[in-house]
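A.B. asks:
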């Protein structure tokens with residue numbers, strides 16, 4: 001079972017700016033009873049090398065959580081220098097986990113990047129279109145390994161007419177919830193997988209993402 005110490009030491013979240021953003025939940029591992037964490041102090045962590053992205057995502061998530069009666073805090077306000085821990089450094093990972101507990105944080109809501117898909121979409125006025133997905137190499141340290149995605153094409157023929165082609169990106173994110181008061185093999189409470197298709201702006205994407213995640217966590 002994945003525990004908080006392992007993931008905190010290895011994952012990164014990256015968000016870039018494109019057009020026409022949409023956020024949707026695509027999968028969920030294990031339902032979460034919100035009453036299990038609502039009375040506990042929550043630390044919100046968005047792992048990224050970009051401090052602006054980190055701050056915005058954490059702020060929006062905390063605003064949404066606290067608006068639903070949770071008690072959440074942004075990690076950048078308490079741990080501004082939080083960095084990935086070198087793989088295999090179990091002692092440092094243990095110290096990090098203990099530090100969170102020592103400062104009163106019992107639950108961690110962590111968002112990480114799982115995958116990036118690039119595809120082209122060609123649309124005509126006759127309703128013909130193709131969607132091509134092609135290999136994207138994304139190197140992850142430790143917990144997430146390097147991988148190559150396969151190539152696939154979908155074509156629907158509605159009659160040839162004027163054609164418009166667009167380049168698109170889809171980001172697959174995971175939001176993981178941990179209870180640090182439990183045994184290590186029981187810390188992971190739930191995993192929510194979401195898709196962000198063509199992020200529009202940082203503000204819009206972060207706000208939409210936070211609303212969707214808190215809706216899921218409040219069930």
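Numbering (full-length UniProt numbering), first residue to last: 1 to 219.
Note that the Cβ used here is the ideal one computed from N, Cα and C, for glycine as well.
Skipping 5 residues on each side, what residues in its chain have a beta carbon closer than 6 Å to that of residue 22?
C.D. replies: As a first step, residue 22 must be located in the chain shown, where it is residue number 22. Excluding positions up to five away in sequence, the list reads 197.
A.B. asks: Is it the case that the segment 55-71 contacts the segment 112-122, given that we only count it when at least three CB pairs across the two stretches are under 8 Å?
C.D. replies: no
A.B. asks: Within the continuous alpha helix (DSSP H) that includes residue 202, where are the two ends?
C.D. replies: Taking the first residue of the chain shown as position 1, residue 202 is located at position 202. Segment 202-217, the alpha helix (DSSP H) holding residue 202.
A.B. asks: To the nearest angstrom, how far is it from the Cα of residue 144 to the Cα of residue 173?
C.D. replies: Along the chain shown, read from residue 1 onward, the residue named residue 144 stands at position 144. Along the chain shown, read from residue 1 onward, the residue named residue 173 stands at position 173. Unreliable placement is indicated for residue 144, whose pLDDT of 33 sits below 50; the coordinate value is still reported in the next sentence. When rounded, the distance between both Cα atoms is 13 Å.
A.B. asks: Please classify residue 22: does DSSP put it in a helix, a strand, or coil?
C.D. replies: Taking the chain shown and counting its residues from 1, one reaches residue 22 at position 22. Strand.
A.B. asks: Quick check on DSSP: helix, strand or coil for residue 39?
C.D. replies: In the chain shown, counting from the first residue as 1, residue 39 sits at position 39. Residue state, collapsed to three classes: coil.
A.B. asks: Under the three-state reduction of DSSP, which class applies to residue 76: helix, strand or coil?
C.D. replies: The residue given as residue 76 occupies position 76 in the chain shown. Residue state, collapsed to three classes: helix.
A.B. asks: Work out the CA separation of residue 202 and residue 16 for me, nearest whole Å.
C.D. replies: By one-based count along the chain shown, residue 16 stands at place 16. By one-based count along the chain shown, residue 202 stands at place 202. Per-residue confidence for residue 16 stands at a pLDDT of 40, beneath the threshold of 50, marking its modelled position as unreliable; the derived number appears in the next sentence. Rounded to the nearest angstrom, the two C-alpha atoms are 8 Å apart.
A.B. asks: Let's see if you can read the secondary structure: which residues bound the alpha helix (DSSP H) around residue 106?
C.D. replies: Counting from 1 along the chain shown, the entry for residue 106 is found at position 106. Here residue 106 belongs to no alpha helix (DSSP H), and DSSP marks it neither H nor E.
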